[in-house]
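Asker: Heads up: the sequence shown begins at 17 in the working numbering, then just goes up one per residue. Handing you this structure, nothing more for now.
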Amino acid sequence: MKKLCLLLCACLLLCVYPAIAADPTSQPLQKFSGSFYDSFDTITQLIGFAASQKEFDATLAETRTLMRHYHQIFDGYNAYAGVNNLWFVNCYAAQGPTPAEPELIELLLWVKENQKDTRVNVALGAVLSVWHEYRTTGEEVPPVELLREKSLHVDMDDVIINEEEGTVYFRDPELSLDLGAVAKGYAVEKVAAMLAERMPSYILNAGGNVRCGGQPQDGRARWGISIQNPDGNDYLDVLYLTDQSIVTSGDYQRYYEVDGVRYHHIIDPDTLMPARFMRSVTVVTRDSGWADLLSTALYLMPYEESRAFVDALPGVEAFWALNDGTIQYSDGLKTILLSAGASARDEN
Ligand code: AMP
Ligand code: MG
């Protein structure tokens, strides 16, 4: 419940910045919004321009169906009848090649390739489930010996994915997969592909994992998306953009405290402890799956390394909230940040 409340707060805070008044004479489309709560343990909100409430509701229903579909496939905690999901694979893949849903195979192949050169490792499940258990109890920090023991079973090379057969096999019986760093963003991008056909002017916000498309149909050139202050209910800055994903990883999103120390949910595989390099990092790039993977990856690096990583990647920008309360951002954000003088009316 605590986890859900935190996610709801994070989501509501990463809200759409107030709209600038529209010229009604030039607006054939109307703005609608709706939300649902039954996927990825969070609230998903769709804001979009449509010709009628009926048309919007149909697109919202399709969004919900798709999000629910991916939620079931990437769920590592629950079984669903007839779905060979992550839970199923984690249960049986050590016994031999285990059938997995095609969407799960696709995501695993993608992440295996793209997590290279980062400290994101979706095969870290054995370690992460210890942290998950202790976070749920909320009273103690996991013993280092237990974490070390589990960390001997986290090699992604032991995850054998057979694309033709549609199976996954764990060569290490103690290994398990955790897709928390990437699954939601990956699902959001699938929904974005559907929305591009149905509602070309929208913002989809899945618990702070934001994807926007097209220009708002109310006179603004760009959507305004706020970046949450890790220390409060206000925002640090506002990004003005369109056709981009905005994903944040931070220490305030999911955590518990022991003796006044915060233990959050993003674990450094080197120390097996929550990473302490920064408070949050927000990634801006087109693909939401990539943004989700990158936000976790950048959070797991010292700022300088994180900055160099972004600077070397075309089409990727980032905003860092550092431990000393200062902020940093990559050069490409200069034209789209409120604090740097951008507004929703600008075209670039
Ligand atoms: P995010 O909020 O996207 O940064 O992802 C955080 C989630 O990713 C956590 O709740 C865990 O499920 C998972 N996770 C934490 N640390 C790691 C890691 N080093 N590698 C892969 N997944 C991780
Ligand atoms: Mg992520």
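Just so it is clear, CB atoms sit at the ideal spot from N, CA and C, and this is done for glycine as well.
1. Is the beta carbon of residue 185 closer than 7 Å to that of residue 109?
2. Starting from the Cα of residue 328, find the closest Cα among 314, 183, 196, 55 and give me that residue.
3. Report whether the distance from the Cβ of residue 311 to the nearest heavy atom of the ligand MG is below 6 Å.
4. If you reduce the DSSP assignment to three classes, tell me which class residue 186 lands in.
5. Just to confirm, is the Cβ distance from residue 201 to residue 225 under 7 Å?
6. On the DSSP bridge list, what partners appear for residue 242?
7. Taking the Cβ atom as the reference point for each residue, do residue 173 and residue 188 lie within a distance shorter than 7 Å?
8. How many Å lie between residue 271 and residue 281 at the Cα?
9. From residue 247 to residue 262, what does the alpha carbon distance come to, in whole angstroms?
10. Examine the Cβ distances between the segment 251-269 and the segment 278-297 and report whether three or more of them are shorter than 8 Å.
11. Give a yes or no on contact between the segment 332-345 and the segment 225-235, applying the rule of three or more CB pairs nearer than 8 Å.
12. Could you give the distance in angstroms between the alpha-carbon of residue 243 and the alpha-carbon of residue 312?
13. Excluding the 5 residues flanking residue 46 on each side, which residues of the same chain have their C-beta closer than 6 Å to its C-beta?
14. Would you say the beta carbon of residue 291 is closer than 6 Å to some non-hydrogen atom of the ligand MG?
15. Can you tell me whether residue 222 sits near the ligand MG, meaning its C-beta is under 6 Å from at least one heavy atom of the ligand?
16. When DSSP labels each residue in this structure, what does residue 121 get in the three-state scheme?
17. Measuring CB atoms only, is the segment 125-143 touching the segment 193-207, in the sense that at least three cross pairs come out at less than 8 Å?
18. Determine, using beta carbons only, whether residue 196 comes closer than 7 Å to chain B.
19. Does the structure place the segment 74-94 close enough to the segment 149-161 that three or more beta carbon pairs sit under 8 Å?
20. Given this structure, state the Cα-to-Cα distance separating residue 39 from residue 236, to the nearest angstrom.
21. Can you give me the start and stop residues for the beta strand (DSSP E) that residue 274 sits inside?
22. When the distance is taken between beta carbons, is residue 89 closer than 7 Å to residue 219?
23. Does DSSP put residue 287 in a helix, in a strand, or in coil?
24. Excluding the 5 residues preceding and the 5 following residue 155 in the sequence, name in chain order all residues of the same chain whose CB lies nearer than 8 Å to its CB.
25. Would you report the Cα separation of residue 190 and residue 288, rounded to the nearest angstrom?
26. What are the start and end residues of each continuous beta strand (DSSP E) run of 3 or more residues lying completely inside the segment 151-235, in chain order?
27. Going by DSSP, which residues form a beta bridge with residue 51?
28. Taking the beta strand (DSSP E) that residue 280 belongs to, which residues open and close that run?
Answerer: Working from what's here:
1. Residue numbering aside, residue 109 sits at position 93 when the sequence shown is read from its first letter. Residue numbering aside, residue 185 sits at position 169 when the sequence shown is read from its first letter. Cβ distance < 7 Å, so residue 109 and residue 185 count as in contact.
2. For this step, residue 328 is matched to residue 312 along the sequence shown. The shortest Cα separation from residue 328 among 314, 183, 196, 55 belongs to 314.
3. In the sequence shown, the residue the question calls residue 311 occupies position 295. At least one heavy atom of the ligand MG is nearer than 6 Å to the Cβ of residue 311, so yes.
4. The sequence position of residue 186 within the sequence shown is 170, counting from 1. If DSSP states are grouped into helix, strand and coil, residue 186 belongs with the strands.
5. Indexing the sequence shown from 1 puts residue 201 at position 185. Indexing the sequence shown from 1 puts residue 225 at position 209. When the beta-carbon positions are compared, residue 201 and residue 225 come within less than 7 Å of each other.
6. Here residue 242 is taken as the residue at index 226 of the sequence shown, counted from 1. Under DSSP, residue 242 shares a beta bridge with 254.
7. Within the sequence shown, the letter at position 157 stands for residue 173. Within the sequence shown, the letter at position 172 stands for residue 188. Their beta carbons are not under 7 Å apart, which means residue 173 does not touch residue 188 by this criterion.
8. Looking up residue 271 in the sequence shown gives position 255. Looking up residue 281 in the sequence shown gives position 265. In this structure, the straight-line span from the alpha carbon of residue 271 to that of residue 281 is close to 6 Å.
9. If you number the sequence shown from 1, residue 247 lands on position 231. If you number the sequence shown from 1, residue 262 lands on position 246. In a straight line, the C-alpha of residue 247 is about 19 Å away from that of residue 262.
10. Verdict: yes, contact present.
11. With a cut-off of 8 Å, the segment 225-235 and the segment 332-345 do not count as touching, because too few Cβ pairs lie within range.
12. Numbered from its first residue, the sequence shown carries residue 243 at position 227. Numbered from its first residue, the sequence shown carries residue 312 at position 296. Taking the straight line from one Cα to the other gives about 16 Å.
13. By 1-based counting over the sequence shown, the position of residue 46 is 30. Sequence-distant Cβ neighbours of residue 46 in its own chain, meaning closer than 6 Å and more than five residues away, do not exist here.
14. Taking the sequence shown and counting its residues from 1, the one referred to as residue 291 is at position 275. With a cut-off of 6 Å, the C-beta of residue 291 is classified as distant from the ligand MG, since no heavy atom of the ligand falls inside that distance.
15. In the sequence shown, counting from the first residue as 1, residue 222 sits at position 206. Not so, every heavy atom of the ligand MG lies at least 6 Å from the Cβ.
16. Translated into positions along the sequence shown, residue 121 becomes position 105. Residue 121: helix per DSSP, three-state reduction.
17. Yes, they touch.
18. Note that chain B does not occur in the displayed structure, where there is just one protein chain.
19. With the cut-off at 8 Å, the segment 149-161 and the segment 74-94 do not touch.
20. Working through the sequence shown from its first residue, we reach residue 39 at position 23. Working through the sequence shown from its first residue, we reach residue 236 at position 220. Residue placement at residue 39 is poorly supported in this model, since its pLDDT is 46, which falls under 50; the coordinates still yield a value, given next. Answer to the nearest angstrom: the Cα atoms are 10 Å apart.
21. Translated into the one-based positions of the sequence shown, residue 274 becomes position 258. Per DSSP, residue 274 belongs to the beta strand (DSSP E) from 271-274.
22. If you number the sequence shown from 1, residue 219 lands on position 203. If you number the sequence shown from 1, residue 89 lands on position 73. The Cβ atoms of residue 219 and residue 89 lie no closer than 7 Å to each other.
23. Here residue 287 refers to the residue found at position 271 of the sequence shown. It is coil, neither helix nor strand.
24. Within the sequence shown, the letter at position 139 stands for residue 155. Around residue 155: 274.
25. The residue labelled residue 190 in the question sits at position 174 within the sequence shown. The residue labelled residue 288 in the question sits at position 272 within the sequence shown. Those two C-alpha atoms are separated by around 17 Å.
26. If we require 3 residues or more, the beta strand (DSSP E) runs fully inside the segment 151-235 come out as 175-178, 183-186, 218-222, 225-229.
27. Taking the first residue of the sequence shown as 1, we reach residue 51 at position 35. According to DSSP, residue 51 bridges with 61.
28. Residue 280 sits at position 264 when you count from the first residue of the sequence shown. Note, residue 280: beta strand (DSSP E), 277-280.
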